[in-house]
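Some notes on the structure that comes next.
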Amino acid sequence: MMTETASDFLIRRINEWGLKRIYGYPGDGINGIMGALDRANGTVDYVQVRHEEMAAFMACAHAKFTGEVGICLATSGPGAIHLLNGLYDAKMDHAPVVAIVGQQARAAIGGDYQQEVDLVTLFKDVAHEYVHMASTPAAIRHLIDRAIRIAKAERTVTCIIIPNDVQEMSAVETPPRKHGTIHSGVGYAPPRVIPKEVDLRRAADVLNAGERVAMLVGAGALQATDEVIEVADTLGAGVAKALLGKAVIPDDLSFCTGPIGLLGSKPSWDMMEECDTLLVVGSSFPYSEFLPKEGQARGVQIDIDAKLVSVRYPMEVNLVGDSAETLRALMPLLKRKEDRQWRKKIEDGVAEWWKVLEARAMNEAKPINPQRVFWELSPRLPDNCIIVADSGSAANWFARDLKVRRGMMASLSGNLATMGPGVPYAIAAKFAFPDRVVIATVGDGAMLMNGINEVVTIANYWKEWSDPRLIILVLANRDLNQVTWEQRVMAGDPKYECSQNVPPFEFARYAEMLGLTGIRIDKPEQIAPAWEQALSATRPVILEAITDPEVPTLPPHITFEEAKKFIESMIEGEPRLGHMIKQTFKEAVQGILPHKK
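Going from the sequence shown to this note's numbering is simple: count from 1 and add 1329.
Next up, the structure:
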């Protein structure tokens, strides 16, 4: 019988922590770990991706959707470097992820050896809470224990580096009981964190005094749906949702104002402009220009992380605690607002906004209005489905046009807002919940950046899933659309075609080549039947929608400076000026006179 190696012990220890999946890509810097995964006989699943960045994205998504620690694995040097973007996505969205990377043999370190990179320094920022290299097999136990525990407790990225010679050495399951050794254990239970009674009463006094209360919720409130709804009802408040908090409450609630910010809604903008009290729960939404003016509103914030309170808006009371627990403790101290005029105004604005969105979605475009693709999907979303969006204009329509219901999950790259996580997020969601429908909404730019490669991963694994339905909607507008509109509105520059045009690619045909289902639509009347076909498919689907890049991603409020820049872009020589003006005019008109042509 083969002697257990340090790598065998590593994989066994990961399993003892209850973690069952690793995303990665092989290389000779981790041969010892790959051999151990093989010998583990499936106790820890290994998912082979097409690129290490995708492994980090998948580990991040696994953490977001399951609450568990996600694990990614990469070889030394180039493989380790490739992880960084996905790890920063996890770090900035507070997703617990452990990166395990190989390194050259200890004797070669410092010798300018092939693929030798100072990995401790490389990962020192992204994994600043914990990054260490194993210098001996006896260190493996406490390194992996602490990496997992710290990632979970701090909701962050950690990293352990294992030289390839250490990987192959005999395991040391129990270090000797002597000076200078570490004897760690498995397990972590999150604490119950509730603010002090005196601070809860201070917060209640502020909220009870307010006549026009606005709420903003984020990812930190995802486990507090009932509590958010109850508090909002008591206070007569409207509830806006940061992008990472899209699934906190259902979008069909009459007081849910929907998204906020550049991708936001008019009801959210109006509510923040007119409120006299702001309650933020589990969100570090960064854009102060979409929050009340300083001094306009009294503020209360609830967050589990004391580092994040009173950063975006000067709060009067900061409550450090778990969102659900803190709201439950606050509830008995709150007085129901008997005057419901503020709530009625919010509800009227929300009802009107949905009419605006429908009218905008039904505007004609050349050839398809991208908003309509999302609008037609919304009522067809299966119960308990998982929806992801890539960065770009797809995120606008994901935020505004899809009505998320109870039991659904939704996410994207929130704070890093990187391109590329849409398809890997969807794959990780499908591995975590193989019985649930997963839908990714992705632009053609992000698909060509890396998404098409991970479709190969889908083709490789989909038969393992109990429900094979994984649908990738590709908005094929041949344009890096979000940036094109930002150049127009923020910089006053016309579309720079050399930079912004995306090469054509037959996404649906590509899916069919891989043995998946490909659907291509270029007429609005094809949208609904295409969704019906995709949602009833017996294998993963790429739904390629040929959409109009000139449908503007209008923010909920346009400043004088933005309008000025937009006019400047037209004067400078916009390549499709007439059509772009026509589509922008349609959108603007529907915001004023819904259903009027």
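C-beta atoms are modelled at their ideal positions from N, C-alpha and C, and glycine is treated no differently.
Secondary structure at Thr1786: helix, using DSSP grouped into helix, strand and coil.
With a cutoff of 7 Å on beta-carbon distance, Pro1596 and Gly1678 are scored as near each other. Contact between Ala1384 and Leu1413 fails: their C-beta atoms lie close to 12 Å from each other, not under 8 Å. Around the Cβ of His1423, a 10 Å sphere holds 16 or more other Cβ atoms; the residue is buried. For Lys1570, no alpha helix (DSSP H) run applies; the uninterrupted beta strand (DSSP E) run containing it begins and ends at Gly1567 to Lys1570, by DSSP. With distances taken between CA atoms, Gly1415 lies nearest to Met1387 out of Met1387, Ala1566 and Ala1468. Around Lys1664, the same chain offers Asn1537 as residues with beta carbons nearer than 7 Å, after the five sequence neighbours per side are excluded. DSSP, read as helix, strand or coil, puts Met1498 in coil. Counting along the chain, no beta strand (DSSP E) covers Arg1342; the unbroken alpha helix (DSSP H) around it starts and ends at Ala1335 to Glu1345.
Leu1448 and Ile1473 have their alpha carbons spaced roughly 17 Å apart. For Asn1360, the enclosing alpha helix (DSSP H) covers residues Asn1360 to Arg1368. Between the alpha carbons of Trp1346 and Val1629 lies a gap of roughly 37 Å. With contacts defined by Cβ atoms closer than 7 Å, Pro1621 and Cys1604 form a contacting pair. Remark: fewer than three beta-carbon pairs, one from each stretch, lie closer than 8 Å, so the stretch 1753 to 1765 and the stretch 1583 to 1603 are not flagged as touching.
Nearest C-alpha to Val1398 among Gly1408, Val1426, Val1378 and Ala1390: Val1426. Membership of Tyr1642 in any alpha helix (DSSP H) is not indicated, and neither H nor E is assigned to it by DSSP. Taking 7 Å as the cut-off, the beta carbon of Thr1786 is found closer than this to the beta carbon of Arg1379.
A distance below 7 Å separates the beta carbons of Gln1444 and Gly1406. The beta-bridge partner set that DSSP reports for Asn1414 is empty.
Cβ neighbours of Thr1876 within its own chain (closer than 6 Å, five residues either side excluded): Ile1697, Pro1699, Leu1804 and Asn1806. Excluding sequence positions up to five before and after Trp1860, its CB lies within less than 8 Å of the CB of Glu1705, Leu1706, Arg1709 and Leu1872, all in the same chain and listed in chain order. Ranked by Cα distance from Ala1739, the first of Pro1588, Arg1484, Leu1843 and Arg1627 is Pro1588.
Residue environment analysis places Met1331 among the exposed positions, since fewer than 16 neighbouring C-beta atoms fall within 10 angstroms of its C-beta. Per DSSP, Glu1458 is not a residue of any alpha helix (DSSP H), being assigned neither H nor E. Using a Cβ distance threshold of 7 Å, Lys1575 and Val1733 count as a contacting pair.
In this structure, the beta-carbon distance from Gln1433 to Ala1335 does not fall below 7 Å.
If you compare the alpha carbons of Ser1464, Ala1456, Arg1506 and Pro1823 with that of Ile1477, the shortest gap goes to Ala1456. In the DSSP annotation of this structure, Tyr1839 is not part of any beta strand (DSSP E); the continuous alpha helix (DSSP H) holding it starts and ends at Phe1836 to Met1842. For Met1748, same chain residues with a beta-carbon under 6 Å away, outside a window of 5 residues either side, are Ser1720, Ala1775 and Met1778 in chain order. Between the alpha carbons of Pro1466 and Glu1654 lies a gap of roughly 42 Å. When only Cα atoms are considered, Ala1723 and Asp1555 end up about 29 Å apart. Note on the stretch 1468 to 1547: whole beta strand (DSSP E) runs with a minimum of 3 residues are 1486 to 1492 and 1542 to 1546, in chain order.
Contact annotation: Ser1652 and Val1609 have beta-carbon atoms that are not nearer than 7 Å.
Straight-line spacing of the CA atoms in Glu1815 and Arg1657 works out to 42 Å. Ranking Phe1834, Ala1680, Phe1703 and His1471 by CA distance to the CA of Asp1808 puts Phe1834 first. Annotated three-state conformation of Ile1856 is helix, per DSSP.
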